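Chains as they are written, first to last, in the working numbering: chain X, 681 to 1190; chain E, 232 to 571. Contents: one structure, followed by commentary.
Structure representation (structure tokens):
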């Protein structure tokens, strides 16, 4: 109950007009940068750091930064759903079903389930953050290289859920992503791969560049290339029913995915080499596998928005676990926040909860407050966001291209990256014309390097002994889980097939 | 965000334009006594992303120059050129800004390693060295339950069986990896095999997690990186790579590598260079400006705030240091099998 008393003190700190203002600024700025392709929370916080230093108010600054982080996650879902232009990798899974819902006039329901799901996930995980931080962090750092490899392999199975109608096309898309992932200097040996002598490609192709290329640029070019074939007016919005744009059926279909997404997102966020993408895709696969109405997936199933969006937000609280307790940043944004801590001479780590407990509890309290603000900001704004769909397509997509170009250039300050984004966008446009799914490419891009690095690290640390992958219980368990996830959906078919065979044999004998 | 930044640029462009006009009208009447430097906006390039060490150095320098009013009424701007251990910024400085004394770039030990591992066409010696500014020691840590009580234990083990010790730190060919090579060499171990047991992690966080999970047995990083975990008793610091013992979280000073009997000293230093081809007068002016910066209270305050060690060599001294470091680092990287 000590934690509870500390938390109440934390609320006392946050609920001052000044800190509330910081939280409000944070979530608003966050929502805006989340919507812009390319410009993410990490870049925003990095740019705001010098300003923050001038303010000389550690508590207020960190409250604002946490607000930016959360706000960006809410904002990121908006453009993914309405325009199929996710700004960062964690929103990709949301865009798969979300965009389909929007195309069918269900934009408001998709946005609402995303916002409420984010809120639910954030509140639950913040409570968890309050009480289980320390043991959670110790558990997270017990993961070794071989475990990470097995985990990445498990996540790779989700490809089967996003591969679409044609397996060959899905695998080609995956391979394209894997290829983009190997570009750059190899982390273990320092050798350059597929850089073609271009110095800017030595650090690899930034995930943001690929995502903006595949989605924002690709979608804009695709729409432009068949503008005349598209209906003049978008599908009219379905009439608003129920509470907060969600009908009774929508609520019934959303709440379980919210909770399951939360359960996936929090632990993955806490893993030092985890990241927010893995749980979002795992949640998508899980919801698709469980769904009674599998046919609806790929055509706008609300579960496919609710689950990944909750997982995305839950992972942020997870990210705070190792950041606050061990000083280990697990995402780009967390790394910048760590820099912010050190600016104020605070060193996150085992002592932070003792030496700076009022600051930590204020930060945790601000997460509750920030999420209430975000829900209050985002639900009414749905009315405004859906108006975006009324904007004439030429204007809308021209605008998207402008922001996408700016975003990529802002991230790197490098024209090579802009050209790369357009090159990838061109490929993505052709992929759309030829019915290739885009999501497998993202999975390949993110999981490929993770699998490769961790596999080689594990082997290096075991002096090249492959048995490391079967002798460690956790690794073995995860690998078996991956095999099960791959095989389970096919088992009934296999048995049915065999029974049919046997039947055939029997009838043959007759 | 973007809009605010553009607005900022637009405003500063307007101000500059106005300043330029004013200068011209004055210049017509009377000749200035001596060429004042800087005579226009000073550009400081941080050849890395915002938020990193080089970026912080560049921004602290910009702030101190302004606070101490050393800019001759002009302003200073920081811009980031990301990538490849700074060699992309280095290439830009040398190829596009030759002869321009108003373009400065932050550099450091990491760039020398980057030039070798990235097979960069341009070398740090292709610039005009101005000064070294700050330095940070490296620290060697093990888990609290590790059998290695001292650096000697650790290096004896590595000497007896070069594959026995698994090292971890930052990027391949970076400062941490270089230190592992230097240590193995000094201990008389098979440096190439020892350096092959080095696992590169992206950033200190991942290396910390790998130490705690037991993936690696030894961590090498900047002195402050592991401070919280050393303080909490999770990790034990064996040695620091600087010239003097230093407290890296244990509460008592950790001995140097030299104290343990190995002739190795490695400082992760940062400094500033100008493009090649600037005139001697310009070079003197830039060195003069940085000398004044170093002497200013604003800079001393920045050093204290950021907990940087003062490591100042300017002019010819800096040039000689850049050259000796380039030779030493290039040769050790070749010995551990990187950069061929």
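Beta carbons: idealized from backbone N, C-alpha and C, even for Gly. This one's a predicted model, so the numbers in the text were calculated from it and none came from an experiment.
Report task. Select from the region 304-321 of chain E all residues with a C-beta closer than 8 Å to any C-beta belonging to chain X, and list them in chain order. Result -> 310, 311, 312, 313, 314, 315, 318, 319
Query - Exposure of residue 873 of chain X, with buried meaning 16 or more beta-carbon neighbours within 10 Å - result: exposed
Query raised in the report: residue 444 of chain E touches chain X at which residues, Cβ-Cβ below 7 Å?
Result: 821, 822, 823, 824
Requested in this report: Go through its chain and collect everything with a Cβ distance to residue 862 of chain X's Cβ below 6 Å, but skip five positions before and after it.
Outcome: 873
Query raised in the report: Are any of the Cβ atoms in chain E nearer than 9 Å to that of residue 663 of chain X?
Result: Limits of chain X in this structure are 681 at one end and 1190 at the other, which puts residue 663 of chain X out of reach.
Report task. Please name the residues in the region 1086-1104 of chain X whose beta-carbon is closer than 8 Å to at least one beta-carbon of chain E, in chain order. Result -> 1086, 1090, 1092, 1093, 1094
Query raised in the report: Residues of chain E with a CB under 7 Å from the CB of residue 952 of chain X: which are they?
Result: 436, 437, 440
Query raised in the report: Using 8 Å as the Cβ pair cut-off and three pairs as the minimum, do the region 888-895 of chain X and the region 1081-1097 of chain X touch?
Result: yes
Query raised in the report: Cβ atoms of residue 951 of chain X and residue 1159 of chain X: under 9 Å apart, would you say?
Result: no
Requested in this report: Specify, as a first and last residue, the run of the alpha helix (DSSP H) that residue 733 of chain X falls within.
Outcome: 721-735
**Report entry** Run of the alpha helix (DSSP H) containing residue 806 of chain X, from where it starts to where it stops
**Finding:** 787-820
Requested in this report: Could you tell me which uninterrupted alpha helix (DSSP H) segments, each at least 4 residues in length, are contained entirely in the region 497-535 of chain E, listed from first to last along the chain?
Outcome: 511-526
Report task. Mind listing the chain X neighbours of residue 459 of chain E? Cutoff is C-beta to C-beta under 9 Å, in chain order. Result -> 1006, 1007, 1027, 1028, 1029, 1030, 1031, 1032
Requested in this report: Would you give the residue range spanned by the alpha helix (DSSP H) that residue 360 of chain E belongs to?
Outcome: It is not in any alpha helix (DSSP H) - residue 360 of chain E instead sits in the beta strand (DSSP E) that spans 359-374.
**Report entry** Exposed unless 16 or more other CB atoms sit within 10 angstroms - verdict on residue 1099 of chain X
**Finding:** exposed
Query raised in the report: For residue 688 of chain X, which of X:880, X:881, X:1038 has the nearest alpha-carbon?
Result: X:1038
Requested in this report: Could you please give me the residues that DSSP links to residue 541 of chain E through a beta bridge?
Outcome: E:365
Query raised in the report: By the criterion of Cβ-Cβ separation under 7 Å, what are the contact partners of residue 397 of chain E in chain X?
Result: 1141
Requested in this report: Can you tell me the Cβ-Cβ gap for residue 790 of chain X and residue 993 of chain X, rounded? I've got them flagged as a contact below 8 Å.
Outcome: Wrong, their Cβ atoms sit about 16 Å apart, outside the cutoff.
Query raised in the report: Using DSSP with H/G/I as helix, E/B as strand and the rest coil, what is residue 310 of chain E?
Result: strand
Query - Within chain X, partners of residue 290 of chain E - CB distance below 8 Å - result: 730
Report task. May I have the straight-line CA-CA distance separating residue 552 of chain E from residue 461 of chain E, to the nearest angstrom? Result -> 33 Å
Query raised in the report: What residues of chain B sit near residue 349 of chain E, judged by a beta carbon separation below 9 Å?
Result: The structure shown contains no chain B; the protein chains it does contain are X and E.
Query raised in the report: If the cut is a Cβ gap below 8 Å, which residues of chain E does residue 1137 of chain X touch?
Result: 430, 446
Query - Residue range of the alpha helix (DSSP H) that includes residue 1045 of chain X - result: 1037-1065
Query raised in the report: Would DSSP call residue 1134 of chain X helix, strand or coil?
Result: helix
Query raised in the report: How about residue 481 of chain E: is its C-beta nearer than 9 Å to some C-beta of chain X?
Result: no
Query - Listed by chain order, chain X residues near residue 582 of chain E by CB distance under 7 Å - result: This structure cannot settle anything about residue 582 of chain E, because the visible part of chain E is limited to 232 through 571.
Query raised in the report: Does any residue of chain X bring its CB to less than 9 Å from the CB of residue 329 of chain E?
Result: no
Query raised in the report: Taking the continuous beta strand (DSSP E) assigned at residue 452 of chain E, which residues delimit it?
Result: 449-453
**Report entry** Neighbour-count burial assignment, residue 682 of chain X, 16 or more Cβ in a 10 Å radius
**Finding:** exposed
Query - Cβ neighbours of residue 1068 of chain X in the same chain (closer than 8 Å, five flanking residues each side left out) - result: 762, 763, 1076
Query raised in the report: Using a C-beta cutoff of 9 Å, does residue 1010 of chain X count as contacting chain E?
Result: yes
Requested in this report: Could you tell me the boundaries of the beta strand (DSSP E) in which residue 275 of chain E lies?
Outcome: 273-277
**Report entry** Contact with chain X by residue 403 of chain E, beta-carbon distance below 9 Å
**Finding:** yes
Report task. For residue 260 of chain E, decide whether its Cβ has a neighbour in chain X, counting only Cβ atoms nearer than 9 Å. Result -> At residue 260 of chain E the pLDDT is 39, less than 50, meaning the model places this residue with poor confidence and gives no usable figure here.
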